[in-house]
Amino acid sequence: MTKTLFEDFSPTSAKEWTQKIQVDLKGDDFNSLITHTNNGIDIKPFYHLENTPQTPISAAPTHWYITEKFIITHANQQEELKASIEKGTESLWLFFPKEIVNLTELLANIALENTPIFIELENLNNTHLKELKRFLKEHKNHQIRLGIDIVGNLAKTGNWLTNLKKDHDLLLDFLEIHELCSVQVAINTQVYQHAGATQVQQLAYALAHVNEYLNFITQKIPNIKSVFKPLFKTAISTNYFFETAKLIALRDLYATLAEAYDMPEDIEILAFPSTRNKTLYDYNVNMLRSTTECMSAVLGNANFICNMPYDEIFHHQNNFGRRIARNQLLILKNESYFDKVENPTDGTYYITHLVEQLSEKALDIFKQIEKSGGFLAALKAGTIQRKVKESAEKEQAQFDKGEITLIGTNKYQNPEDKMAHELEKSPFLQKEKRKTLIEPIIAKRLAEKLEQTRLNEE
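Under UniProt numbering, the letters of the sequence shown match residues 1 to 458, in that order.
Laid out in structure tokens, this is it:
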């Protein structure tokens, strides 16, 4: 007769755990064990099944893809793409900063039917649309996704690509080729994280951001409602459990919003490490940071995970940096078995609580934004920018005081570490004077001021 291990132990209630902890504290206050966060969420010393919410979790992918990003400037980069696939990359993220190149030549050596490819265009125009149509008509069997985000461009740069009307007209033209490929709006939530927004703010702004597109599609092109599925580009920081919960909450929140529009609840998530906590000095620590961030992305059920090279903030693209970044993901998948279990966080009391609290707080902010006229109105009024700036300034002050630690930068510095000779590009915020319609949301790393001081002293 079989017997489970736990039959030998009597269950322990939450009250009994609290009493035990109180005894061990020897008179100290139990509340001293509670951690307060910038999200307004208090972390308790323990979580128990008794008070864990039993909420349904949105469907998650059964597989995550090792993804590598390439900045495409010419078609003869085809050998780079081929070599990446041969070395373990499973999905490609192709970013075109200027003009789209000849896709037939660029993708000649790629098995399109087996390789998910995410195409992102910095500029939208009819020439790009014609090239895409031509290529897609010639290649029926593929897994190409097209990412467009005119609202994200406005938030990041302060300007439309052309103007409000022309940008939305182009968006409409691109969305109408949905029968040829999985045309998706790619919600750029990284702009908020890189600028210092909290996880709650990131979720709320992502929801308000995508809601602009859901409104547009419902009004202008309702025939694609039944097949519309957005992709969220999401930066992950080193707050391990909060970032895992953030991605799970993102799926749940979008499912709630999509249900209101009678649209599919499924989304795709392209996750990658944040640049906000990456450092110039003791740069090898960046590998540790990006590894835990990729782990959070896996546990949070991202579809595509694109690691960043440890030296990305100060070196140009190079094969060694790419190799290390790719191998980090290969180790997670093939040696650490991070692809063997679906929904690995199910039943985790702490993460379940975080998902619920992040979702509730984000939903409250989203409702406030919609009540005030929507996301575009909030951007125009400067409300989003002000809130992100307030969060960033608070986080920066915590870093400056040592309350937030970046090893090798504001703690355990190596005085012999010299970096001036390593700079192939500036790792600092570049200010550019230009006229903008709204104040842009600007990315900035926590360590920039400290690093500039150290460079000046070398």
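For glycine and all other residues, C-beta sits at the position ideal for the given N, C-alpha and C.
Minimum C-alpha distance to residue i - residue among the options
i, options, result
"E80", "I331, A108, P222 and Y261", "A108"
"I85", "S359, T67 and A392", "T67"
"G40", "K394, K444 and A302", "K394"
"S391", "Q22, K15, A195 and N102", "A195"
"residue 465", "Y310, L231 and S274", "Nothing can be reported for residue 465, as the shown portion of the chain is limited to 1 through 458."
"H415", "E439, E457 and T73", "Before going on, a small fix: residue 415 reads as Pro here, not His. Per the Cα distances, E457."
"Y47", "D262, T12 and N211", "T12"
"E448", "L280, I407 and D167", "L280"
"N223", "L170, L175, Q78 and K361", "L175"
"L299", "S336, A245 and D262", "A245"
"N76", "D262, T104 and T405", "T104"
"T383", "Q184, L112, E265 and A197", "A197"
"V227", "I438, I267 and V285", "I267"
"A420", "I438, K433, T453 and K431", "T453"
"L363", "A255, A397, K433 and H74", "A255"
"L231", "G152, K435 and T218", "G152"
"Y350", "Y240, L112 and N141", "Y240"
"Q184", "L121, I305, E131 and L154", "L121"
"Q78", "I217, L106, E370 and Q219", "L106"
"A260", "N215, L112 and I21", "N215"
"E342", "G27, T55, K98 and A59", "A59"
"F366", "P344, L253 and S336", "L253"
"T218", "M263, D24 and S32", "M263"
"S91", "Q385, A381, L406 and N307", "N307"
"E370", "H209, H74, F30 and L25", "H209"
Beta-carbon contacts of residue i that lie in its chain and below 6 Å, excluding the five residues immediately before and after
i, result
"L136", "L180 and C181"
"D339", "K333"
"L330", "G88"
"L94", "F70, I72 and I119"
"D8", "none"
Sequence-distant residues of the same chain with beta carbon closer than 8 Å to residue i, five excluded per side
i, result
"K133", "I177 and L180"
"D346", "I57"
"Y34", "Looking at the sequence shown, residue 34 is not Tyr but Ile. D42, I43, K44 and P45, listed in sequence order."
"T89", "I66, T67, E68 and R326"
"I442", "A195 and L429"
"E243", "Q199, I236, S237, E293, S296, A297 and G300"
"N284", "Y310"
"N141", "L112 and E113"
Which of helix, strand or coil DSSP assigns to residue i
i, result
"H209", "helix"
"Q184", "strand"
"D8", "helix"
"D173", "helix"
"F320", "helix"
"N152", "Here the sequence assigns Gly to residue 152, which means Asn is not the residue at that position. Three-state DSSP puts G152 in a helix."
"W160", "coil"
"W64", "coil"
"I144", "strand"
"D42", "strand"
"L112", "coil"
"A397", "helix"
"M1", "Any reading at M1 needs caution, since the residue's pLDDT is 48, under 50, leaving its predicted position unreliable; the model's value is listed next. Coil."
"I438", "coil"
"L231", "strand"
"L94", "strand"
"H178", "coil"
"K69", "strand"
"L270", "strand"
"T198", "coil"
Residues near residue i by beta carbon distance below 7 Å, same chain, minus five either side
i, result
"L450", "T409 and N410"
"T352", "T52 and P53"
"P61", "N301 and N303"
"P309", "G321, R322, I324 and A325"
"M1", "With a pLDDT of only 48 at M1, under 50, the local geometry of the prediction cannot be trusted, and the value read off the model is given with reservation. Excluding positions up to five away in sequence, the list is empty."
"D167", "I150, W160 and L161"
"K425", "F314 and H316"
"Q190", "K233, T234 and A235"
"N38", "T198, S391, K394 and E395"
"L158", "The residue asked about is misnamed: residue 158 is Gly in this sequence, not Leu. Once the five neighbours on either side are set aside, the close Cβ partners of G158 are T436, L437, I438, E439 and P440."
Whole-Å CB distance - residue i paired with residue j, under 8 Å assumed
i, j, result
"V388", "Y65", "Wrong, their Cβ atoms sit about 30 Å apart, outside the cutoff."
"V355", "I248", "5 Å"
"T234", "A271", "5 Å"
"I100", "K82", "Between K82 and I100 the Cβ distance is about 19 Å, and since that is not below 8 Å, they are no contact."
"Q328", "S359", "Not a contact, Cβ separation roughly 30 Å."
"I221", "L164", "The Cβ separation is near 17 Å, so there is no contact."
"R445", "K278", "6 Å"
"Q398", "I404", "5 Å"
"L154", "L124", "At roughly 13 Å, the Cβ-Cβ gap does not stay under 8 Å, so L154 and L124 are not in contact."
"L257", "N211", "6 Å"
- Validate contact between the stretch 200–213 and the stretch 313–333 using beta carbons, cut 8 Å, 3 pairs: No, the stretch 200–213 is not in contact with the stretch 313–333.
- Query: Do the stretch 113–133 and the stretch 144–154 meet, that is, are 3 or more Cβ pairs less than 8 Å apart?
  - Reply: Result yes; three or more Cβ-Cβ pairs closer than 8 Å.
- Message: Quick test of the definition: if touching needs 3 or more C-beta pairs under 8 Å, does the stretch 16–27 touch the stretch 358–378?
- Response: no
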